[in-house]
Amino acid sequence: MDRTRGLDERPSSAMSNTSSTKSEKEDMWSSMLSSVASSKRLPHKSILVLGGSAEGQKEFVESLGGAGGSTGGGNRKGEKRPPIANEFALGYTYLDVLDADHEDVLARLGVYLISEPTPSFIPLLRPLFTPATLPETLVVILLDWSNPWDWMRSIKTWVRLLRGIFTSLDDDCRRTLDEVTHAWETRRSTHTDAGGGEVTIPLGPGEFDEPLGLPLCVVCYNADKIEMLERERGWKEEAFDFVLQFLRTVLLKHGASLIYTTPSAPSPIRPLILSLLSIPSSSRQQPLKHNVVDRDKVLVPPHWDSWGKIRVIREGFDVEGIGSGWSIDISPGSTDQPGVEDGAMEIYEEVIKDPRRGDSKGLNLLNKSGGSGGIEVSAVDTQVFLAGQLELLEAKAAEETATRGGKEDKYNTASREEVMEHVGPVQFNVGGIQVDAENMLERLKEREQTRASEQEPVPPNPASGEGKSQNEVLNAFFTALMKKKGATKGTSPGS
0 MDRTRGLDER PSSAMSNTSS TKSEKEDMWS SMLSSVASSK RLPHKSILVL GGSAEGQKEF
60 VESLGGAGGS TGGGNRKGEK RPPIANEFAL GYTYLDVLDA DHEDVLARLG VYLISEPTPS
120 FIPLLRPLFT PATLPETLVV ILLDWSNPWD WMRSIKTWVR LLRGIFTSLD DDCRRTLDEV
180 THAWETRRST HTDAGGGEVT IPLGPGEFDE PLGLPLCVVC YNADKIEMLE RERGWKEEAF
240 DFVLQFLRTV LLKHGASLIY TTPSAPSPIR PLILSLLSIP SSSRQQPLKH NVVDRDKVLV
300 PPHWDSWGKI RVIREGFDVE GIGSGWSIDI SPGSTDQPGV EDGAMEIYEE VIKDPRRGDS
360 KGLNLLNKSG GSGGIEVSAV DTQVFLAGQL ELLEAKAAEE TATRGGKEDK YNTASREEVM
420 EHVGPVQFNV GGIQVDAENM LERLKEREQT RASEQEPVPP NPASGEGKSQ NEVLNAFFTA
480 LMKKKGATKG TSPGS
């Protein structure tokens, strides 16, 4: 009986073992799937690119590694790169941030692009700012070195536009903006000492006193145009230093970073953007190092600048006045029209003149050597210039035609004299006697003049008078020849 009972219990134990093994396999697969799913949940970041031309925006995206870039990012090999749609209104593209080995995706970037601060585009921008996206968003303002005289006006317009959008958001978004601002400020003021403890450093004067609400980076692209400004516009080191000091003073108030870039030249813009978005980069990458010496490779990292460092560039720059004036410029009650009292933008445009306005003073405020004349010259219309040149050519042609006759006579006389000098006296042989034709003609002329002075001429028949004169000349000519011939024959026997 016991054996039968044991045999009856075996199938039940086998079934329990099979079910437990099956449940373990299901748990294993579910854990694996959940781990894979969690690894596929990539952090999504957003970049809002403001200003710049369509080409400038494309170069910026390519510098991050997307749309054909080759600087440590972008898509994997064989994958089709996404297009950049930035021709109309609000543009968009995306790209994956890869690690140094181009194997793992660190994050996915959604890049929104807008060129003009048109108020009609505000409804397109407002949906981009939600409580979920605001902590992961970076604002980038593009400035072109082709027109540095418009920089302050451009920054002012974009800052005021963003502030207008942020004030119109709901309460949840505004609370999120306050949290982002506090986290960004804490990131600057917290420092780790040598012992590993955190030390709170107070903010310096003029630093982060006009927070925008989001991290801000200003990219001044086409830095290769600096040489053109120096060569064609007469810029000197004083002008470039003034622009750099002004930019740093203004951006310090917003806690922003600054970088100059050159097309097709390596730059640290990618690690700068990744650090601003808090995307973990390669462990082999060196930390960002500031550069304020090379005028075409400037890099001011976030939380690094101060008034003291700005003053070191060149003495005499009013950091306090520019900072106070900028607060007036971006206040809600100010206007975009020039002439704002105590505004910083007016000071900038007074020194960095727009050549299109035809102002003759230009950069002489910074040029110690001075000079009474202006640097800029207004261009004349092409048709007006050509018409003036045509009038000058016609007047010159008429003058040459009027004086051509006298010049030709002088030229002919001079030519004869030169021919006589080169050829010499003309002689010919008559009966073995060398006769100087020029001397003979002179003697005939003298003889005719003597006869005319001795007797009054009676008006003869023109034909007979002309024949007589010719006969006399021939008679005198042959008489002289006969005399010379006889004298030659008489002297030859005694020789």
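Residue numbers (numbering that gives the first Met the number 0): 0 to 494. Note that CB positions come from ideal geometry on N, CA and C, so glycine has one too.
Worksheet entry | Anticipated Cβ contact below 8 Å, Trp306 with Val318, distance rounded | The count along the sequence shown starts at 1 and reaches residue 306 at position 307. The count along the sequence shown starts at 1 and reaches residue 318 at position 319. Confirmed, about 5 Å.
Item to complete: Kindly list the residues whose CB is nearer than 8 Å to the CB of Ala106, restricted to its own chain and excluding five residues on each side of it in sequence; keep chain order.
Response: As a working mapping, residue 106 is identified with position 107 in the sequence shown. Closer than 8 Å at Cβ, skipping near neighbours: Leu41, Pro42, His43, Lys44, Asp95, Val96, Leu276 and Ile278.
Worksheet item: Closest Cβ-Cβ distance between Pro265 and chain E: below 8 Å?
Response: Annotation note: the requested chain E is absent from the structure, which comprises a single protein chain.
Discussion item. Taking 6 Å as the limit between beta carbons, can you name the residues of its chain near Asp353, skipping five residues before and five after?
Written reply: Residue mapping note: residue 353 aligns to position 354 of the sequence shown, counting from 1. Cβ neighbours of Asp353 beyond the five flanking positions: Trp148.
Practice prompt. Name the residue from Glu447, Leu228 and Thr175 whose alpha carbon lies nearest to the alpha carbon of Phe128.
Written response: On the sequence shown, position 129 is the one that residue 128 refers to. Of the listed residues, the one whose Cα sits closest to Phe128 is Thr175.
Discussion item. Run through the DSSP bridge pairs and tell me what Thr92 is partnered with.
Written reply: Walking along the sequence shown from the start, residue 92 turns up at place 93. Bridge partners of Thr92: Val110.
Worksheet entry | the segment 229-243 / the segment 262-272 touching (three or more Cβ pairs under 8 Å) | Cβ pair count under 8 Å is below three, so no.
Item to complete: From the DSSP output, in three-state form, read off Ile46 for me.
Response: Counting from 1 along the sequence shown, the entry for residue 46 is found at position 47. Strand.
Practice prompt. Assign Asn85 to one of three DSSP states: helix, strand, or coil.
Written response: Locating residue 85 in the sequence shown gives position 86, where the first residue counts as 1. DSSP places Asn85 in coil when its eight states are reduced to three.
Worksheet item: Does the Cβ of Lys444 have 16 or more other Cβ atoms within 10 Å, making it buried, or fewer, making it exposed?
Response: Your numbering for residue 444 matches position 445 in the sequence shown. Exposed, since its Cβ has fewer than 16 Cβ neighbours within 10 Å.
Item to complete: May I ask you to report which of helix, strand or coil DSSP gives Val104?
Response: What you label residue 104 is simply residue 105 of the sequence shown in a count that begins at 1. Here Val104 sits in strand by DSSP.
Worksheet item: Between the beta-carbon of Ile164 and the beta-carbon of Ile121, is there less than 8 Å?
Response: Working through the sequence shown from its first residue, we reach residue 164 at position 165. Working through the sequence shown from its first residue, we reach residue 121 at position 122. Yes. Within cutoff.
Fill in: Neighbour-count burial assignment, Asn221, 16 or more Cβ in a 10 Å radius
As a first step, residue 221 is located in the sequence shown; it is residue number 222 there, counting from the start. By the 10 Å Cβ count, Asn221 comes out buried.
Worksheet entry | Beta carbon of Thr156 nearer than 8 Å to that of Val218 | Taking the sequence shown and counting its residues from 1, the one referred to as residue 156 is at position 157. Taking the sequence shown and counting its residues from 1, the one referred to as residue 218 is at position 219. No, Cβ-Cβ distance for Thr156 and Val218 is not below 8 Å.
Worksheet item: How is Ser305 classed by DSSP in three states: helix, strand or coil?
Response: Along the sequence shown, one-based indexing puts residue 305 at 306. Note: Ser305 maps to coil in three-state DSSP.
Worksheet entry | Contacting residues, own chain, Cβ-Cβ under 6 Å from Thr180 (five flanking each side not counted) | Position 181 of the sequence shown, counted from the start, is the residue given in the question as residue 180. Result list for Thr180: Pro210 and Gly212, in chain order.
Practice prompt. Thinking Ile46 and Leu142 are a contact (beta carbons under 8 Å), I'd like their distance in whole angstroms, please.
Written response: Taking the sequence shown and counting its residues from 1, the one referred to as residue 46 is at position 47. Taking the sequence shown and counting its residues from 1, the one referred to as residue 142 is at position 143. So it is not a contact: roughly 16 Å between Cβ atoms.
Worksheet item: Sorry if obvious, but does the Cβ on Asn474 come closer than 7 Å to a heavy atom of the ligand PLP?
Response: Ligands in the displayed structure: none, and consequently the ligand PLP is not present.
Worksheet item: Within 10 angstroms of its Cβ, does Glu169 collect 16 or more other Cβ (buried), or is it exposed?
Response: Counting from one through the sequence shown, the residue named residue 169 turns up at place 170. The question names Glu, yet the displayed sequence has Asp at residue 169. Under this definition Asp169 is an exposed residue.
Worksheet item: Is the distance from the Cβ of Leu49 to the Cβ of Ala88 below 8 Å?
Response: For the purposes of this step, residue 49 is identified with residue 50 of the sequence shown, where counting begins at 1. For the purposes of this step, residue 88 is identified with residue 89 of the sequence shown, where counting begins at 1. Cβ distance not < 8 Å, so Leu49 and Ala88 don't count as in contact.
Worksheet item: Quick one: is Asn85 buried, meaning 16 or more other Cβ sit within 10 Å of its Cβ, or exposed?
Response: Position 86 of the sequence shown, counted from the start, is the residue given in the question as residue 85. Classification of Asn85: buried, given that the 10 Å Cβ count is 16 or more.
Worksheet item: For Thr527, which three-state DSSP category applies?
Response: What the structure shows of the chain is the stretch from 0 to 494, and residue 527 is not part of that stretch, so it cannot be assessed.
Worksheet item: Which residues bound the beta strand (DSSP E) around Ile258?
Response: Within the sequence shown, the letter at position 259 stands for residue 258. Here the beta strand (DSSP E) through Ile258 covers Ser256 to Tyr259.
Fill in: Cα-Cα separation between Glu231 and Lys224, rounded to whole angstroms
Locating residue 231 in the sequence shown gives position 232, where the first residue counts as 1. Locating residue 224 in the sequence shown gives position 225, where the first residue counts as 1. If you take the alpha carbons of Glu231 and Lys224, they lie about 10 Å apart.
Practice prompt. Check the DSSP bridge columns for Thr136 and list the partner residues they point to.
Written response: As a first step, residue 136 is located in the sequence shown; it is residue number 137 there, counting from the start. Bridge partners of Thr136: Ser45.
Worksheet item: Taking the alpha carbon of Thr185 as the point to measure from, which residue in Arg159, Ser167 and Glu206 has its own alpha carbon closest?
Response: On the sequence shown, position 186 is the one that residue 185 refers to. The residue with the shortest Cα to Cα distance from Thr185 is Glu206.
Discussion item. Looking at Thr313: is its Cβ nearer than 8 Å to the Cβ of Gln244?
Written reply: Counted from its first residue, the sequence shown places residue 313 at position 314. Counted from its first residue, the sequence shown places residue 244 at position 245. Note that residue 313 corresponds to Arg in the displayed sequence, not to Thr. Their beta carbons are under 8 Å apart, which means Arg313 touches Gln244 by this criterion.
Worksheet item: Short check: CB of Cys216 to CB of Ala182, under 8 Å?
Response: The residue given as residue 216 occupies position 217 in the sequence shown. The residue given as residue 182 occupies position 183 in the sequence shown. Ala182 sits away from Cys216, with the two beta carbons spaced by 8 Å or more.
Worksheet item: Are Glu130 and Asp171 touching if we call contact CB-CB under 8 Å?
Response: In the sequence shown, residue 130 corresponds to position 131, counting from 1. In the sequence shown, residue 171 corresponds to position 172, counting from 1. For the sequence presented, residue 130 should be read as Pro rather than Glu. Closer than 8 Å, so yes.
Discussion item. Based on DSSP bridge pairs, tell me the residues matched to Asn290.
Written reply: Here the question's residue 290 lines up with position 291 in the sequence shown. In the DSSP output, where bridge partners are listed per residue, Asn290 has Leu298.
Worksheet item: Where DSSP assigns a beta bridge to Asp143, which residues make up the other side?
Response: Position 144 of the sequence shown, counted from the first residue, corresponds to residue 143. In the DSSP output, where bridge partners are listed per residue, Asp143 has Tyr220.
Worksheet item: What distance in whole Å lies between the Cβ atoms of Met151 and Glu348, which are believed to be in contact at a cut-off of 8 Å?
Response: Within the sequence shown, the letter at position 349 stands for residue 348. Within the sequence shown, the letter at position 152 stands for residue 151. Yes, they are in contact, since the Cβ atoms of Glu348 and Met151 sit about 7 Å apart, within 8 Å.
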